[in-house]
Amino acid sequence: MERRRSFSAWLSHSATQRIEQEVGLNQGGGNVEAIFSYLTGHRISDACRLAQKSGDHRLSLLLSQAVGSQYGRELLALQLGDWNRMQTDSFLPEERLRIFALLAGKPVWQSTDCVVNVCSELDWKRSMAVHLWYMLPPTASIAEALVKYEAAFQGSAEGQKYACAPLPPYLDQSDQPDMEEEESKRPLYDICFHLLKLYSDRHYSLQQLLDPLAVTWDRLDYRLSWHLWLVLQALHYTHLSPARQGLIHTSYAAQLESAGLWDMAIYVLLHIPDNALRERAVREMLQLHCPLLETEESAKKEHFLTERLLVPEQWLHQAKATRARRERDSHGEALHLYRAGHWNLCHSLVIQHLASDCIINDNHEYLLKFLEGLAVPERSAVIQDWDTAGRVYLDYIGVVQTLHAIQQMDITGYELECLHTEVRSLCNRIELLPCSTAKDRLSQSEMAKRVANILRVVLSLQQGGEGGEIPLSQLASNIGRLPMPEDYALEELRMCLGAHGRYAQKLLTDLFANYTNALRPVEDTDHIINVTLQITLSQIIDMDERNQILTTYLWIRMVWTDAYLTWKKEDYDGLDTIRIPSSYVWRPDIVLYNNADDQFSSSMETNVVIRNDGQIMWDQPAISKSSCSVDVSFFPFDAQQCRLTFGSWTHNGNQMDLVNALDSADLADFVANVEWEVLGMPAKKNVILYGCCSDPYPDITYTLHLKRRASFYIFNLLIPCMMISFLAPLGFYLPADSGEKVSLGVTVLLALTVFQLLVAESMPPSENVPLIGEGLGGSCCTKLCWFVIHEIDCIADHYFSTGKYYIATMTMITASTALTIFIMNIHHCGPEARPVPEWARRFILHYLARICFVFEVGENCFTGTPKKQAPPEPPPDHNINPLTRGTNWDVNGQAWGGMEGRGEEEVGGKEEGNRLDVKKGSYQMFEPSRWKDDLFVKRGCVEGGGAEDRGRREVVVSVQCVCQHQALRRNIEYIASCYHDQRSTQRRTGEWRKVAKVMDRLFMWLFFIMVFLMSLLIMGKAV
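Taking full-length UniProt numbering, the leading residue of the sequence shown gets 1, the next gets one more, and so forth.
1. Kindly indicate the opening and closing residues of the beta strand (DSSP E) around Y702.
2. Assign T551 to one of three DSSP states: helix, strand, or coil.
3. Measuring alpha carbon to alpha carbon, tell me which of S258, P273, E296 ends up nearest M285.
4. Can you give me the start and stop residues for the alpha helix (DSSP H) that S90 sits inside?
5. I need the straight-line Cα distance from A996 to Y170, nearest angstrom please.
6. Can you give the Cα-Cα distance for H336 and D663, rounded to whole angstroms?
7. Taking just the CA atoms, how far does E378 sit from N428?
8. If you compare alpha carbons, which of T112, L97, D113 is closest to A106?
9. Answer yes or no: do L102 and Y149 have a C-beta to C-beta separation smaller than 8 Å?
10. Have a look at N825 and R5 and give me their C-alpha separation to the nearest angstrom.
11. Could you spell out the range, first to last residue, of the beta strand (DSSP E) harbouring F646?
12. Between L734, A728, D737, which has its C-alpha nearest L752's C-alpha?
13. DSSP puts M656 in a beta bridge; with which residues?
14. Quick check on DSSP: helix, strand or coil for D46?
15. H194 and L213 look like a contact to me (Cβ under 8 Å); what is the Cβ gap, rounded to whole Å?
16. Does the pairing of the stretch 444-461 with the stretch 397-408 give three or more beta-carbon distances under 8 Å?
17. State the DSSP-derived secondary structure class of W560, mapped to helix, strand or coil.
18. In terms of alpha-carbon separation, which member of W10, S37, S14 lies closest to V23?
19. Considering only the alpha carbon of each residue, which of T701, A234, L146, F153 lies closest to D201?
20. Thinking S626 and L667 are a contact (beta carbons under 8 Å), I'd like their distance in whole angstroms, please.
21. Under the three-state reduction of DSSP, which class applies to E545: helix, strand or coil?
22. Give the DSSP-derived three-state secondary structure of I792 in the structure shown.
23. Across which residues does DSSP place Q208 in a beta bridge pair?
24. In chain order, what residues of the same chain lie with their CB nearer than 7 Å to the CB of L507, ignoring the 5 residues before and after it?
25. Among V687, W10, E121, Y713, which has the Cα closest to the Cα of I142?
26. Quick one: using the 10 Å Cβ neighbour count with 16 as the cut-off for buried, is E906 buried or exposed?
27. With DSSP run on the structure shown, which of helix, strand or coil describes Q599?
28. Cβ atoms of C628 and Q640: under 8 Å apart, would you say?
29. How close, in whole Å, do the beta carbons of I360 and E431 come, if the pair is a contact with beta carbons under 8 Å?
30. What are the start and end residues of each continuous beta strand (DSSP E) run of 3 or more residues lying completely inside the stretch 290-358, in chain order?
31. I think A163 touches A152, with their Cβ atoms under 8 Å apart; what is that distance to the nearest whole Å?
32. Check whether the stretch 965-973 touches the stretch 806-824, taking contact to mean three or more Cβ pairs, one atom from each stretch, closer than 8 Å.
33. Assess, as a yes-or-no matter, whether the stretch 708-719 is touched by the stretch 643-662 under the definition of 3 or more beta carbon pairs within less than 8 Å.
34. So E677 is in the beta strand (DSSP E); what residue range does that whole segment cover?
35. What residue from R834, D1000, Q960 has the CA that sits closest to I851's CA?
36. Could you work out which residue in C192, Y204, P168, Q110 is closest to G159 when comparing CA atoms only?
Structure representation (C-alpha cells):
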C-alpha cells in the first residue's frame, strides 16, 4: 500500500501542470470540465471547492464520497442505469455524465444520445491513474492497474480500446500519432511504462526499456539508456544479451567521443564485461585521441585515466607511439615505445631511423639515452640483433667518449691496452651493421673513418707519441676489415681537394670565354626556356592593414637550363658542379607583379649552382611587400587571402614558360606569427592574354590563406565593451530618490568614450562594417544608432568606420540615460500633476506591474492591489442642528450618564413662559450641566434668586452653546476637507511613482535582454 500511495502521488504530481492549464481554459459555465480535470489528478478537494464555488452543492457532496467504498460506486452505477432506462440522461450534459461515469468506475458508458468515454483527451499517465483510483478497489495493486490499462489501450475480448497508448513524450506532444507504428513489430512506448512493466514482471524485456526511442527521437542518443542500464545492473536486472550490452556501451562512448569527451568515453568502455573486448576498445580510443604534445589539459586527462580509472600507462604510451607512426614522427614513436616497454620494437626503430642521423650529425647523447636503457641485461636479452646493431653503436659511442677523456688527462698503459682491444673489436663488427639505405651506408662509412683515426691515435700513443708516421702495415690488419680504409680516404680527399681547385679555375675560364648574359641561353630562338619556380614562406613580417600591404620573408628558388654552360665532367677530373655569382649568367626577369615596395630592391644577390648538364639553380632570400585587399567584415574573426603573383616582365609564353615545382609553397621552415595563422599557400599557374598583345603571358599565383588570432581582441576589445554595456540596464534598477541614476549613465558613457579612444587604433580601417558593429544590428532599440552610423559613414573618414560597434553601444547607453531622465520626471510629479489616465492605470499598473514583478507592500503575484482602508464615515446625523440633540447631551456633544434620553426637540419650540416655569425659591449648588424644562443649565451653576434672573441666565447660556457648536462644526469640516485633499494628492503622486517604477523595471529587462542578445551574437560569431 505504501508503494501504491507513492505511485499515486507521482501520478498526481506529473499531471499538475496540464491540469492547471485545463482548469484555466475551462473555468466558467459551471466549471464542469475543470472539476473533471481535477478528478483526473486525484485532487478531489479542489474539485469539491470548485463545485461549491459554482453553487453545485449536490455535485460537491457526491464528489466528497469519491474516495469512499466500492458500494458507493455500485450505487452510482445503478443510478446511471436507471437514467438510461428512463432516457433521462439525455437531459444531462456530456461533461457531467463523464464525471458520473468516472465516479461510478465506468470507463465507457453508453448513454441515450452518445457514448461517454472517460479516458478521451487524457494522456496515458492520467488514463492509467483513473483506472487505479476510480475503477479498481482501493486495495488493488499497481500491477492490476497496469493490466487494466493495457486492456484499455490495446483492446481485449471484453471490449474495444478506449484509452491512448503510452507514447514517449516527443510523440505524445507531436501532431503525428502514426509515428508510434514506425516499427511494426515493436511499437514505441514511454520509458515510464516500460519501467512499470519491469516492476510488474521482473523478466520483462530490457531491450525495449533501454531503447533510446523510448525517451528521445534521436536513435543515437544513448545517454539515459546507458545510465539506466547501470542502475538496473545495481538492482540485479541482468537479463540483457551481451551483444545488446556492447551496443549500449559503444554507442554511448561514440556519442561522448563526438562531443570531445574521449576520456569519459574510455570510462564508459571500461564497463564492457568482456576483458578482451574492453581492452581492444580502450586501446583504439587511446590511439585516436591521445595527444603527442603534452599540454596542461592532456596531463589532467592522462592523470584521470591512470589514477582514477586505473588505465595502465603502457596503454597510453603504446597509443602515442601508434599515433606518432601515423604522423611519421620517428623520434616520438621511439620514445613512447621505450616508455611502453616494447624493447624490441624500440630497438628496431632506433636502428632504422635514428641511429644513422645521430652518427652523421654527431648527436651521440641522444642516441646514447636509448641504447643505455636497452642495454640492461633483462631488456637486451629479448632484443633481436642486439649484438650486431645496438651493441655496435653503443660500443662506438663508448670508444669515442673514452678517447676524448684520455686526451684530457694522463693515462696508463693498461687503459690504452683496453681501448686498443675495444677498437680492434669494433673494426670487426662495423661491417655487420644493417645498411638498407644510402644514409645507413654513409653512417657506416663515417664510423669506419672515425674508428680508423682512433686506431691511429691509440697506436701513436702506445708508441710514445714521437717519431714519424706509423707504417701502413701496422694498420692493414684492422683497417682492411673496415668498409672504407681511413688512410686511403684521407689521401683521396687531399688529392681531390687539390685537383678540384685547379680544374675549377680552368672550367670557369672555358665556360665564360665566349658567353654573354644578355640573351636567352637557347640554341634556337624559337625554343622555349622552362623556368621552374618554387617559393618557401619563411616568415610573415608585417600585415599593414591600413595601407593594405603584406610584408613577407620568402626563399625563392628558380631552376632553368642554360644550353651554353655544359661540360663533360671527365675532362675536369669529375667536377660536376660549380658555384659562381649570379650576375655572371643569364637570369630570368621574374618579378612580383603586385609588388608594393617603393625601392624594388628587396632580394639579395646570391650565387648560382651550375651542373655539368647546364642546369642552373638560383636560391635567393627576399623580403617582399605585396598589395593585399583586406576585408574586415568579420573582424576580429576574419580570414584574409593575399595573392603573390610571379611572372616574367618582358618575356611572353612563347619565349619563357613557368613551371610549378610544387602544388603549394613550402611551409616546412615557416616561423609562426603571433597575429596570423597560416592555413595554406596553394599555387596556381595562369596564362593571360592581354588586349595589347596576342602572345600569352604565364604567371604563377600563390594565394596565402591567413586567419587572424582573435584571442587578443576578444579580451581587449569585446569583453570590456560587453561588460561596460551591461552596466547600462543597471541604471534603471537604482532607486529614483537616490539621485545617482543619471550620474551612472553619464559615467558609463564617459568610460566607454575613453575606452574607445584607447582602442581605436587596434581596428583596421575599411568601408565594410566590422563584425564588432554588425552584431548590434538585430536590436530594434538601436535602429537610431544605425541611422546615425550610416550618416557618419557617408561623411567621415576611415577612422569612424572602425568604431561602429562602440558608437552603437554608446548610442544604447545614451538612450538608456535619456529614458532615465524621462522616468525621473514622471517619478517626481508634484501635487499639481494630473491623475494617471485610465489606460495607463490598467495597462501599466495592472498588467505590466505584474509582468515586471513590481508590487506594493502586502501585494504579490497572486493577489491584487491591497485595498486601502477608507476614513471613517461621519455619523448619519452630522447635519442636524446641535440644538436638536436629546436631553441627555451636554455642550461637548457627549451624553450625560445620569440623565435619561428624551425626544429630540428644538430649544425654541416652546413658549418662553413654559421654559421659565420653574419652582421659585429652589437653590442648588454645583449641580452638573443638564437640560431642565427644555433649557440647558450649565454645570456648577447655582440655582437661586428670582425666576426672572434665572430665566435670563439660562437663555444666554443656550445661545452661547449654539455658537460654539457651529464654530466647531466648521473647523471639523475644514480639517476633513484638508485631509481628503491630502490623501487624494498622496494617492495621485503614489500612482505616478508606481508608473515610473514599472517603466524602470520594464526598460531594465528590455535593455538586459538586448545587451545579452548582442553579446551572444558577437560570441556566436567568434565560435
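Built from N, CA and C at the ideal position, the CB exists for glycine as well.
The structure says:
1. Where Y702 is concerned, the enclosing beta strand (DSSP E) stretches over 696-708.
2. Looking at T551 - three-state DSSP - the assignment turns out to be strand.
3. Ranking S258, P273, E296 by Cα distance to M285 puts S258 first.
4. Segment: none, S90 is in no alpha helix (DSSP H) and carries neither H nor E.
5. One C-alpha to the other measures close to 44 Å.
6. The straight-line gap from Cα to Cα measures roughly 34 Å.
7. Each residue's alpha carbon lies about 26 Å from the other.
8. It is Lys, not Ala, that sits at residue 106 in the sequence shown. Looking only at T112, L97, D113, the smallest Cα-Cα distance to K106 is reached by L97.
9. For L102 and Y149, no; Cβs fall outside 8 Å.
10. C-alpha separation (whole angstroms): 60 Å.
11. Taken as a continuous stretch (DSSP letters only), the beta strand (DSSP E) holding F646 covers 639-648.
12. Per the Cα distances, A728.
13. M656 is bridged to I529.
14. The answer is helix: DSSP assigns D46 an H, G or I state.
15. Rounded, the Cβ-Cβ distance is 11 Å, inconsistent with contact.
16. With a cut-off of 8 Å, the stretch 397-408 and the stretch 444-461 count as touching, because enough Cβ pairs lie within range.
17. Shown here, W560 sits in a strand according to DSSP, grouped into three states.
18. Residue S37 is the option with its Cα nearest to V23.
19. Closest by C-alpha distance to D201, out of T701, A234, L146, F153, is L146.
20. No, S626 and L667 are not in contact; Cβ-Cβ is about 17 Å, not under 8 Å.
21. Residue state, collapsed to three classes: coil.
22. Reliability fails at I792, whose pLDDT of 38 lies under 50, so the model's placement of it is uncertain and the value that follows must be treated cautiously. Helix.
23. DSSP output for Q208 lists no bridge partner at all.
24. Excluding five sequence positions before and after L507, the CB atoms of its chain that fall closer than 7 Å to its own CB belong to W567, Y572, L575, I578, given in chain order.
25. With respect to the C-alpha of I142, the residue from V687, W10, E121, Y713 having the closest C-alpha is W10.
26. Residue placement at E906 is poorly supported in this model, since its pLDDT is 39, which falls under 50; the coordinates still yield a value, given next. Around the beta carbon of E906, fewer than 16 other beta carbons lie within 10 angstroms, which makes this residue exposed.
27. Reduced to three states, the DSSP call for Q599 is coil.
28. In this structure, C628 lies closer than 8 Å to Q640 by Cβ.
29. With a contact defined as Cβ atoms closer than 8 Å, I360 and E431 miss out at about 18 Å.
30. Within the stretch 290-358, no beta strand (DSSP E) run of at least 3 residues lies entirely inside it.
31. About 4 Å; that satisfies the 8 Å criterion.
32. Segments in contact, no.
33. No contact exists between the stretch 643-662 and the stretch 708-719.
34. For E677, the uninterrupted beta strand (DSSP E) run begins and ends at 676-680, by DSSP.
35. Check the Cα spacing between I851 and each of R834, D1000, Q960: the tightest is with D1000.
36. When only C-alpha atoms are compared, the closest one is Q110.
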